[in-house]
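Residue numbering for the sequence shown follows full-length UniProt numbering, starting at 1 and increasing by one per position. Ideal placement from N, C-alpha and C gives every residue a C-beta, glycine not left out. Accompanying notes for the structure given below.
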Amino acid sequence: MNNLMVIDGIEVRRDAYGRYSLNDLHRAAVASGANARTKEPGKFLSSQQTVELVHELTNTQNLGVDPVSV
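What follows is the structure, given as structure tokens:
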């Protein structure tokens, strides 16, 4: 399995369970300089879009592990 994805020139790594690196996703989100304050890692997990993504991943995939632990 390829554990590397590129978003706008930023490499986003995945671990052995297929989970994406939040740090890499944060770097990709703020790479253009737009919305830097709203894309801070501390706000990432509380955003409605992320909550919906985690819910969708939890309900539709059988990864054998939770997609995120908080």
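For residue i, count neighbouring Cβ atoms within 10 angstroms of its own Cβ and tell me buried if that reaches 16, exposed if not.
i    : result
Met1 : Because Met1 carries a pLDDT of 48, less than 50, the predicted location of this residue cannot be relied on, and no value is offered for it.
Relative to the C-alpha of residue i, which residue among the options is closest?
i          : options                    : result
Gly9       : Lys43, Asn59, Asp24        : Asp24
residue 77 : Ala16, Leu22, Gly33, Leu57 : Residue 77 falls outside the range modelled here, since the chain spans only 1 to 70, and no answer is possible.
Val54      : Glu40, Gly33, Tyr20        : Tyr20
For residue i, list the residues DSSP reports as bridge partners.
i     : result
Tyr20 : Arg14
Val6  : Glu11
Problem - Meets three-Cβ-pair contact criterion under 8 Å: the region 47-62 and the region 22-35 - result: no
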